[in-house]
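Worksheet: one structure, shown below.
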Amino acid sequence: LNTTFRHFYAGYDGELEHYDCDQAFPEPKASSQMEKLAIETFCDCVSGCTEACAGANRAWGFAITGMFFAVWYTMTQFVACKVVQEKPPPAGGFPKASPLVPQLFNTIRNPAFTVLLPAWACD
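Letter by letter, the sequence shown follows residues 54 to 176 in my numbering.
Now the structure itself:
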């Protein structure tokens, strides 16, 4: 229990460790105002801790899922690099590349490119 809680409600800390806060709703059954305040404070503390633990568990779940996919990605990329072989270069070497400007004009004259260009620009 919280040390502040123990300090202020010293007579109730042992009893409240086993108290069912679900029974305290909507109004805790208490013999005195001090006992009622102790029950409310204790149940507020338990509720806050439960919410914090749920958030922490969810965060750990996301972290573990991320770690799993990181390991999966690393392993599959390593296997792909080891298994897939590159093609050897051609015997006479690579052909000389065409000039850039004529290639761009050929691309602009391509009907499939001109139809899809507005969709790409709007995306």
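Glycine residues also receive a C-beta, built at the ideal position from the N, C-alpha and C atoms.
Applying the criterion that 16 or more other CB atoms from any shown protein chain within 10 Å of the CB defines a buried residue, is residue i buried or exposed?
i: Cys96; result: buried
i: Ala91; result: buried
Find the nearest neighbour of residue i within the set the options, judged by alpha-carbon distance.
i: Ser151; options: Gln130, Ala144 and Asn159; result: Asn159
i: Leu153; options: Ile161, Phe147 and Val132; result: Ile161
Length at least 4, wholly inside the region 141-166: the alpha helix (DSSP H) runs in chain order: 153-161
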